[in-house]
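Counting from 1, one number per residue, gives the positions in the sequence shown under the UniProt record's numbering. All residues carry an ideal CB built from backbone N, CA and C; glycine is no exception. This report concerns only the one structure given below.
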Amino acid sequence: MMKQSYVCRSCHTTYPVSRDLWKCLCGGLLDLDKQMPLLEPTAWESGPPTLWRFLDALPFEKDAKSWQNVTLGEGNTPLLPVSADKPNVYVKVDYLMPTLSFKDRGAAVLIAKALELGATSVIADSSGNAGTAVSAYAARAGIACEVFCSNTVSPKKQAQMAAYNAKVHTIAGTREDVARAAQQKAANLEEGGFYASHVYNPYFYEGTKTYAYEIYEQLGDAPDTVIIPVGNGTLLLGAYYGFSELLANRLIGKCPKIVAVQAQQCAPLAHAFATGEPSITPIVGQTTIAEGIAIAAPPRATQILEAVRNTGGTFITVSEAQIAKARSALAKQGFDVEPTSAATYAALHVYRHCETETIVIPLCGSGTKASDHIAK
1 MMKQSYVCRS CHTTYPVSRD LWKCLCGGLL DLDKQMPLLE PTAWESGPPT
51 LWRFLDALPF EKDAKSWQNV TLGEGNTPLL PVSADKPNVY VKVDYLMPTL
101 SFKDRGAAVL IAKALELGAT SVIADSSGNA GTAVSAYAAR AGIACEVFCS
151 NTVSPKKQAQ MAAYNAKVHT IAGTREDVAR AAQQKAANLE EGGFYASHVY
201 NPYFYEGTKT YAYEIYEQLG DAPDTVIIPV GNGTLLLGAY YGFSELLANR
251 LIGKCPKIVA VQAQQCAPLA HAFATGEPSI TPIVGQTTIA EGIAIAAPPR
301 ATQILEAVRN TGGTFITVSE AQIAKARSAL AKQGFDVEPT SAATYAALHV
351 YRHCETETIV IPLCGSGTKA SDHIAK
């Protein structure tokens, strides 16, 4: 198997991977300490037409089978030119995943790992899409699921979680209040319990790194730039890890530049980047229609900033009006997306680039999941 352990980012203590551990005893975040995977693209061609063709690059036991009880056919989403007049700008249509968002990449891998560790129930907290994804894959795996989310989360997403038979707890307060409520429950897990956090658990990022693998497959190389919306950084960090592994395996010549996008009304990371700070200063986040990136205090802020800086990237903030306009423009090209996805397209029109620059932006979530007042 791929050797792996948890390591604390703060005090560097290492731990064996276990079902009930989700943060260091010092309170620090856990990363995955593992061997660099050997990537063999020719072997991927004979695998299933899902993200599980990358199984050998994922941190599971040798000949792992848990994924077979979890998969819903996630991955292998289209990469398309956004329009005829922008042939070098591509959209990765990740809203064609089973639960209609990119979070299926991380949730599928995380729940498969939970099964491998003997979990019989999971707890999650979410601003929406991660909750629906974890609920679906838990249902597929035959394990119980509880999701904590804000009472302002789109009713359509709450209904989707409930449809997967998850027990949904709505919390009045901020996204951080929601996480605290889930973590209070996670601090006293019952036998077989597992905190399926898409922020704290590093296995989630092992799923989202397949976003980078697929782009490499589809382009035959890395793009020059990836524009990614960022709240908690689950896609941004996953993409960074994936491209870094491709680079370490000498399959690409350089990592693409990461252009991170935040809503102007909730942009703690963009502010820290602009002032050269290594991490964020806590802010009081304002309401934004891009609920997927309305994160006032992302726990992995330091890692996100490092990833953007290491690739020579930057941050762009966009207004509510720019997001709404971009959403309408994408719809006219046939792409119905959530406002969070539209934020990346809005940023494209702000980002200064040359015509030959190859750019990929993710269409993270389907517009059918947007709140009714936004959809109107």
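Bounds of the alpha helix (DSSP H) holding T275 are 268 to 275. Ranked by how close their Cα comes to the Cα of K254, the residues A260, V261, L246 have L246 in first place. G106 and Y205 do touch by the CB rule: their CB atoms are close to 7 Å apart, below 8 Å. In the DSSP assignment, T14 is bridged to V7. Look at S366 here: in three-state DSSP terms it is strand.
Just so you know, the alpha carbons of P16 and P223 end up roughly 36 Å apart. Closest in C-alpha terms to A172, from the list K209, C149, S154, comes C149. Within the same chain, and ignoring the five residues on either side of A307 in sequence, the residues whose Cβ sits closer than 7 Å to its Cβ are L236, L237, Y240, I258. Taking C-beta atoms as the reference points, T225 and I359 count as a pair closer than 9 Å. Closest in C-alpha terms to M2, from the list Q184, E61, T170, W52, comes E61. When the alpha-carbon of P49 is set against those of M97, L30, V89, G313, the nearest one is in M97. Contact annotation: the region 341 to 349 touches the region 315 to 331, with at least three C-beta pairs closer than 8 Å. Secondary structure note for D104: its alpha helix (DSSP H) is the uninterrupted segment 103 to 116. Only residues of its own chain outside the window of five on either side were considered, and among them P268, H271, A272 have a CB closer than 8 Å to the CB of T281, listed in chain order.
For N232, no alpha helix (DSSP H) encloses it, and the DSSP letter there is neither H nor E. Contact annotation: A179 and V153 have beta-carbon atoms that are not nearer than 9 Å. Annotation for Q262: the continuous beta strand (DSSP E) segment containing it runs 257 to 263. Within 10 angstroms of the beta-carbon of K332 lie fewer than 16 other beta-carbons, which makes it exposed. A distance below 8 Å between beta-carbons, with the five flanking residues on each side excluded, links V70 to the following residues of its chain, in chain order: A108, I111, A112, L115, Y137, R140, A141.
When rounded, the separation of the alpha-carbon atoms in S366 and K103 is 12 Å. Assignment of V82 by DSSP, reduced to helix, strand and coil, places it in the strand class. Across the structure, E74 and P362 are spaced so that their CA atoms are roughly 15 Å apart. Residues of the same chain with a CB within less than 6 Å of the CB of G312, apart from the 5 flanking positions on each side, are K257 in chain order.
Taken atom to atom, the span from the alpha-carbon of E146 to that of K23 is near 19 Å. Its Cα nearest to that of G233, the residue A297 stands out among S244, A297, A181, V93.
DSSP places I143 in the coil class of the three-state scheme, outside both helix and strand. In this structure, the straight-line span from the alpha carbon of D20 to that of G47 is close to 32 Å.
Of the candidates V89, N201, A347, the residue whose Cα lies closest to the Cα of V230 is A347. The C-beta separation of N88 from T356 comes to about 6 Å, placing the pair in contact by the 8 Å criterion.
Restricting attention to G276, T287, A84, V337, the CA atom closest to the CA of A301 is found in G276.
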